[in-house]
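Protein chains in written order, with my numbering: chain A, 10 to 487; chain B, 10 to 487; chain C, 10 to 487; chain D, 10 to 487. Just so it is clear, CB atoms sit at the ideal spot from N, CA and C, and this is done for glycine as well. Here's the structure, in structure tokens; my notes come after.
There are 4 protein chains.
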Amino acid sequence: MQNDALSLDEIVRRVNAKAADYCALSDRIWTMPELAFEEWRSSAEQITMLEREGFRITKEIGGIATAFVAEYGSGGPIVGILGEFDALPGLAQVSGLTEHQPTIKGAPGHGCGHNLLGSGAALAAVAIKDALSAEGIAGTVRYYGCPAEEAGGGKTYMARAGVFDGIDVAFSWHPADVNGVSTQSTLATVGAYFRFKGRASHAAASPHVGRSALDAVELMNVGVNYMREHMPSEARVHYAVTDTGGDAPNVVQAYAESIYSVRSPHLPDAERLFERVKNIAKGAALMTDTSVTVQITGGCSNVLPNVVLQEVMYENMRRLGPPDFDHADYTFAREIRKAALTNDDVKASVGLHYVTLKERVLHDALLPMPAHEGVSMGSTDVGDVSWIVPTAQCYTACFAIGTPLHTWQLVTQGNLPAAHKGMVLAAKSMATTAADCLRNPAIIARAKAELKERTGGREYRCPIPPNVSPYDLRAKAP
Amino acid sequence: MQNDALSLDEIVRRVNAKAADYCALSDRIWTMPELAFEEWRSSAEQITMLEREGFRITKEIGGIATAFVAEYGSGGPIVGILGEFDALPGLAQVSGLTEHQPTIKGAPGHGCGHNLLGSGAALAAVAIKDALSAEGIAGTVRYYGCPAEEAGGGKTYMARAGVFDGIDVAFSWHPADVNGVSTQSTLATVGAYFRFKGRASHAAASPHVGRSALDAVELMNVGVNYMREHMPSEARVHYAVTDTGGDAPNVVQAYAESIYSVRSPHLPDAERLFERVKNIAKGAALMTDTSVTVQITGGCSNVLPNVVLQEVMYENMRRLGPPDFDHADYTFAREIRKAALTNDDVKASVGLHYVTLKERVLHDALLPMPAHEGVSMGSTDVGDVSWIVPTAQCYTACFAIGTPLHTWQLVTQGNLPAAHKGMVLAAKSMATTAADCLRNPAIIARAKAELKERTGGREYRCPIPPNVSPYDLRAKAP
Amino acid sequence: MQNDALSLDEIVRRVNAKAADYCALSDRIWTMPELAFEEWRSSAEQITMLEREGFRITKEIGGIATAFVAEYGSGGPIVGILGEFDALPGLAQVSGLTEHQPTIKGAPGHGCGHNLLGSGAALAAVAIKDALSAEGIAGTVRYYGCPAEEAGGGKTYMARAGVFDGIDVAFSWHPADVNGVSTQSTLATVGAYFRFKGRASHAAASPHVGRSALDAVELMNVGVNYMREHMPSEARVHYAVTDTGGDAPNVVQAYAESIYSVRSPHLPDAERLFERVKNIAKGAALMTDTSVTVQITGGCSNVLPNVVLQEVMYENMRRLGPPDFDHADYTFAREIRKAALTNDDVKASVGLHYVTLKERVLHDALLPMPAHEGVSMGSTDVGDVSWIVPTAQCYTACFAIGTPLHTWQLVTQGNLPAAHKGMVLAAKSMATTAADCLRNPAIIARAKAELKERTGGREYRCPIPPNVSPYDLRAKAP
Amino acid sequence: MQNDALSLDEIVRRVNAKAADYCALSDRIWTMPELAFEEWRSSAEQITMLEREGFRITKEIGGIATAFVAEYGSGGPIVGILGEFDALPGLAQVSGLTEHQPTIKGAPGHGCGHNLLGSGAALAAVAIKDALSAEGIAGTVRYYGCPAEEAGGGKTYMARAGVFDGIDVAFSWHPADVNGVSTQSTLATVGAYFRFKGRASHAAASPHVGRSALDAVELMNVGVNYMREHMPSEARVHYAVTDTGGDAPNVVQAYAESIYSVRSPHLPDAERLFERVKNIAKGAALMTDTSVTVQITGGCSNVLPNVVLQEVMYENMRRLGPPDFDHADYTFAREIRKAALTNDDVKASVGLHYVTLKERVLHDALLPMPAHEGVSMGSTDVGDVSWIVPTAQCYTACFAIGTPLHTWQLVTQGNLPAAHKGMVLAAKSMATTAADCLRNPAIIARAKAELKERTGGREYRCPIPPNVSPYDLRAKAP
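Right, here's the structure in full:
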């Protein structure tokens, strides 16, 4: 028996004691949405709260100005809790509405609920700290303030710098519309800018003198689309054209740029595929008599699930029960479902559970552990942590069922009571599971053995090369 | 003998009398560069000057807010003088330098010398008016204030509205680095936005649900590149991608847009080719399960040269002689040539005359009339006027030899004394030729016969459809 | 208990009694390899054998000259056994060698073992007939002589004609390198020629007059490659270019042709995808000013597995045991493995069983039924039968482990003793399972209920349109 | 005065004396059409005739089995006469019909009139020989039997071997529908096979393992179509796909091949453009993870016109007058014009002369020398000779006006009396001009000076690399 009933009640009490403060923290961050690598105020707010709790703060870790670690306790085992707080562009939205209404048009908004994510994770860390300190358990808890999950992969840079080395288990969560333990792996990804330089010329008078960089961008895309047939079905390659070389049709475009993401269930496969994409870029340059440079913008490893930790966490969630939604929560959820969510949204979100959940608006149950591990067709920098340390994640119902990520519909629910309840449940799930690990080091040993088996003993290798800094990426070629 | 020696001296005297005022007008417009269709102040400055001279002003002609006509006299023959005054984006430059230094970075600048063009044309119109009024010659002179030559084709809209109907001959000029009569035809052109709508989707999680508008833009470009082999060699099709559907590679692009120019030596051929381009766009939409809309942005007819008028103008220019450049003019020209112009610039500008001109920095001669008509691989809205009324143009040396159009090198010379001298010569060339036509209506009759032969009796048909307004083009799809 | 032990021994005895005759039949067909729809002699050989056994023969069924049905018995239940006998181009090979040596260079060969397939199926039908006749069981057995599995889908034409309507269960098998019951579904497929007509012209003198049909073929392919990102991962679209319009680069190609296969796990999805491919073809025609016609060449439905029948068949195979290979069989298998088969061949063939099977050369066991149904990334016209009647298939070890389909390595083993042993096991597996169904109609009822659930009550609809005949497909456009 | 009246009458007499024999030779070759490099019998027939006349024969010159030179006389000046005799595939046609009727379907035919070309050239050589021998003029005449003008460039191989070195002037002609002197230059050309190797795989089961050589061929074509905008308008690049890797859509194509022609008015430009095409091929290989090899198949230089020789030839043709067509010639010409030639054919053939010639069916006049040299948008291996020695060509009316080259309409007229008359006129034009040169070496000096000016002193460099043999080209990759 690995879960400890006493432990659970104790942790619940400690989380409840400080829940209001951290819900308020979440709401403050909701009102100051900051984009990736620019989370100056959100990061500072978190640091202030954790310093007050007696955590030792190390700032600017891994070369990232808004990354920090807050540590309490000493000696092993060491538990890591991962928090995020970055927002998304263009998603500003008034709270508590059932229609789209930006606070400021075009401004950022917390479209992925990272205000809740970081605050709930910090709340879990604080509860563990309180338990460690009260109960005299040996061990250390570290809260990682992780910037730029949405764009850039803050944790990947942090992992490259070794800041996760030496911890024993790690936990995180994500706000969602259902409650459950995360069992899926994700796609490893590598991203890069491809920048082509040609020669400008008047497109009517002397097109034969020009060498079109836009042609090169297009031919690279054609080449990649031809490659699709000859890559594994579960890999993904997608792109955006970030500079077309100008709006004037009468000038042969001397400069053009695209950005690519290459993804695969296993990082080495993603890297091999990325090499093929680079060859296609070189081919496009050869075809157009232009030159190309490649700038890696980031990358992250696939998540390695850890069934040992998942099972402990699942048992805790089963005991904790769902969030305790009230009449007002249901009423608003029903309204936004009616006004702004479709059946397709619900299907897209809950998948196989559609038949059971389609009539419900808030998830007041726990999704079962699925029979076999799937691959989520997305990527997260939690993946890099999961290659270094056994990692588990849960998700909890913070929003009406069917609310898609990265939408105003999510932003408008991001500081409502239902969201707070989901966040508090997540804090409890993480903290109880962490406490189980601290009290029962055998869990940690088994979790580590599973990790070793999954990596096949392969050392973590960061997909972002040593010389890449997120602060250099904005500077484009002329 | 169609040129009249007395007339020439008389016109020279009248132009000289007011040259300083119109050079000052040109300098004022140089300092307030305004983009196509936004020439509010430049247009107002011109109107003020011409009203003061007693011209009757009609504003906002052809539905263009900054277009106007200034008329003097009554009855036929009617002479039209065409002036322009729009600037170009991003070409702001301090005057009189031999290095690139913007006044305001990214601001517009008079990179095609239209400050000189409009002011010199107005000066010609005023001199003709003075001659008409002083000498009691029958006839009318009209100055056309023509916006948006650079982008949009102001004269084409004006021609569509019939404002050039009924005039007998028309004249214009262009600032250049050499002196001569313009004998080449140009390319007719049709331009349009192609706007594709697809369906957004997460590019990793559900790419199969998305329909990429960016794919459609790319496939249209591929299709057009395949068409190149199967269109006449002297036609031109070129494009820019004006909206790529966003910078995020992980979103299937739901909207994308490109702008195309289609050109050919004859308008009907350009229109036929444009129909093929539209079919390619439809094909790209079919291929990608997206929809496409086409918005014509403008167009212009090819210039029909008029040898009758060219010969009269050439003889006048021969008698007028080149601009009277002084030591300071040569000195600056030598400096900018050395600092900022290359042999290739000179070659590109003077072509076959390279051998004779390569050692010179200012053109103090007159280029001979070439043996056979060529096609300039560019387009101008003077073309539309030339289909309605016999039209002739000259160019005069305002800049150091080799100065390319649309560069800071041209802007920096645009209000120097040498530019003024070239402008005044152009005013004299146009005014003397116009005076010859007024005094000798047989010239007009022959010029009209030539026009009729060239059109084959085909009525002018405007390449811009009736419902297109330049003010609608900015409004893009979402 | 659905399998009947007495029945099994009885059937084994009957199969053994005639096994030698049908092995000889298989060997005769091996020596006369005939391509799809041209199986005149192979079909006649089979008919002769079955007529001799007292089957009633109906020839040329479903409009296919080499298709036939051989029936015995009367009344229900009706059991169908499906046999094939077509060969593959270019695979002629001397028997019993471990190196490539064609009998006649470029001639056809039985590269997919259909000589065994048809003969083994006929042997099963004869054994069932003997059982029916000896034991007085009510029911009918039908052997279907099915041409053109490799290219064209004989059974699909036969299904279109209704020849499988009214039968209760159907069985087939395929020669392989392992023993097991087939549990996977397959891909539904639709195939078509796309024929483009343009206009010829001299490619140097007047390319602008030409309209290239080859351009259209290429642009269609480009369009399809762009579509790949936006179709389900498990779908397949592939093509060959079957006419490039000639070998002369100096002629604009006036005619060109490609052939496409579109596949998906569900026929309606394949058909929807095929519509998109047709739209891409239309788009390519629009882009190139050519015209396109589409000729469907065939298609087949996905296989609907039937677990009820699979389980009965599996139990029979478990009782029957593997083929009884002797020392000579092992020796040859070891030699060909060493000389002409690689580890990759073995991996490709046995997949997850590689670890257990990599050291073995002949499969003398039975593969377990897999936990979940997979999709084989291939297509078979057995799919169409499986939509009409509950159908089960087995495969048996006829060749050395790792022998790939469609290779000379398979041809050379196609008439060896090991192949005969595998074929006889397959006949027993089918015949015992058919006998179980005849004696225990409840199996049939449950199998039909499963079929109904899988189709969702959807009627079988043939993917080949009514007007398409396999004999028209050779006649190409000029 | 460079033309010699006595000479002309003398030559006319000599040509007439042997005209019937060489018309019969032409008719024999018409009946035995042989393709490029396979002109065994046609070459032998010519050799027999010339040996009989006392020419010294050297066979298999320049490494070409069917190439030969026949020489008479000794010492300078040396006159070269160029003859051809290869036929075209698929153009077999019954003689003297006004409808398409092949002698043997798909068999070759003399669709470019090379039966006449070689026989007429030989007749000219014989007449010159007779004049040399009769009149005791110093000098040598050489007849060059030149294979493979249509496909492969026999003269280019011969030029590479130096067989034209040291001669003073060269003449040739081409059968046509009008009479005139050839004044145009042609396009230089380089041709090559591009062969891509990838890796086969099953296109449904394991497309990700395959590397498609057909993809590479297609992407190379896409790349070239993108290059078109950025190459000179008068250049040409065209291709055919000569191996698509098979007709089976379910196999990833492991091998594919295309053939390219690259042309430009100047050989160095063609070679530079060819380098760009090679880079595009390399780019396509990089894009598809395939490899590419390039095999040059041939090439030829642009024709350098020689005005000095043209003028002498023109004056001779003026004096000779047109062919003396009779009533029967006109009648058949009228019939075939009505039945099988269109106005567009006539326009395409006679261009600017359409207005004057559209009502006529046989050309009984001489086209004037055009005011300026044009470029014929085709290529001929006469170009290589013209870089080594001053060369002139005429064309004469052998066919009804409007008869296109490379058609059955031309074949059917190829042995009729009108064709004979045209051929005899051509022999006279060449022989008289050659005689003028021999008698008046100043013409040769001036012609050589012109050649030197045109080449700018550049040595002839053969566009076909030293190691390429026409006999190796058939051997393709597997």
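Legend entry - Where threonine 192(A) falls, given that 16 or more other Cβ within 10 Å makes a residue buried: buried
Inset, instruction - Return the chain-ordered list of same chain residues with a C-beta closer than 8 Å to the C-beta of alanine 209(B), the five sequence neighbours on each side being excluded. - result: Gly219, Val260, Val261, Gln262, Ala263
Legend entry - C-beta neighbour in chain D for glycine 387(C), strict 7 Å: yes
Inset, instruction - Please classify phenylalanine 180(A): is it buried, with 16 or more other beta-carbons within 10 angstroms of its beta-carbon, or exposed? - result: buried
Legend entry - Extent of the continuous beta strand (DSSP E) run through cysteine 446(C): First-last for cysteine 446(C): 426–448, but that is the alpha helix (DSSP H), not the beta strand (DSSP E).
Inset, instruction - Go ahead and pull the three-state DSSP assignment for lysine 27(D). - result: helix
Inset, instruction - Say whether chain D places a C-beta atom closer than 7 Å to the C-beta of tyrosine 248(C). - result: yes
Legend entry - Sequence-distant residues of the same chain with beta carbon closer than 7 Å to tryptophan 49(C), five excluded per side: Glu43, Thr75
Inset, instruction - Give a yes or no on whether the minimum CB-CB distance between asparagine 25(D) and chain C is below 7 Å. - result: no
Legend entry - DSSP three-state assignment for glutamine 304(A), whether helix, strand or coil: strand
Legend entry - beta strand (DSSP E) segments (min. 3 residues) lying fully within the region 240–301 of chain B: 245–252, 264–273
Legend entry - Residue from Gly232(B), Gln102(B), Asp95(B), Gly105(B) whose Cα sits closest to the Cα of cysteine 121(B): Asp95(B)
Legend entry - Spatially closest choice to leucine 196(B) from Asp252(B), Asn234(B), Val391(B), Ala458(B), by CA coordinates: Val391(B)
Legend entry - DSSP bridge partner residues for glycine 92(D) (one or two, in chain order): Gly154(D)
Legend entry - C-beta neighbour in chain D for aspartate 390(C), strict 7 Å: no
Inset, instruction - Using three-state DSSP, classify tyrosine 469(A) as helix, strand or coil. - result: coil
Legend entry - leucine 329(D) - DSSP class collapsed to helix/strand/coil: helix
Inset, instruction - Give the residues of chain B in contact with aspartate 224(C), contact being defined as C-beta atoms less than 7 Å apart. - result: Tyr235
Inset, instruction - Mind listing the chain A neighbours of isoleucine 305(B)? Cutoff is C-beta to C-beta under 7 Å, in chain order. - result: The premise fails here: isoleucine 305(B) is roughly 14 Å from chain A at the closest Cβ pair, so nothing lies under 7 Å.
Inset, instruction - Please state if the CB of isoleucine 73(B) and the CB of isoleucine 66(B) are separated by a distance shorter than 7 Å. - result: no
Inset, instruction - Could you confirm whether any beta carbon from chain B is found closer than 7 Å to the beta carbon of proline 487(A)? - result: Confidence in proline 487(A) is poor, its pLDDT being 36 and thus under 50, which makes the residue's placement unreliable; the coordinate value appears in the next sentence. Not an interface residue.
Legend entry - DSSP-derived helix/strand/coil call for valine 312(A): coil
Legend entry - glutamine 110(B), buried or exposed, once every other Cβ within 10 Å from all chains shown has been counted against 16: exposed
Legend entry - Within the region 161–236 of chain C, ranges of the alpha helix (DSSP H) (whole runs, at least 4 residues): 163–169, 222–236
Inset, instruction - Decide if methionine 10(B) is buried, meaning its Cβ has at least 16 other Cβ atoms within 10 Å, or exposed. - result: No answer about methionine 10(B) holds up, because its pLDDT of 46 lies below 50 and its placement is not dependable.
Inset, instruction - May I have the straight-line CA-CA distance separating histidine 438(A) from valine 394(A), to the nearest angstrom? - result: Looking at the sequence shown, residue 438(A) is not histidine but serine. Computed Cα separation, rounded: 19 Å.
Inset, instruction - Determine, using beta carbons only, whether isoleucine 473(B) and alanine 409(B) come nearer to each other than 7 Å. - result: no
Legend entry - Candidates Ile453(B), Lys206(B), Val88(B), of which the one nearest valine 317(B) by Cα: Ile453(B)
Legend entry - Beta-carbon proximity check, glutamate 62(A) vs valine 150(A), cutoff 7 Å: no
Legend entry - Contact with chain A by leucine 447(D), beta-carbon distance below 7 Å: no
Inset, instruction - May I ask which residues mark the beginning and end of the beta strand (DSSP E) holding glutamine 422(D)? - result: Per DSSP, glutamine 422(D) belongs to no beta strand (DSSP E); it is in the alpha helix (DSSP H), 417–422.
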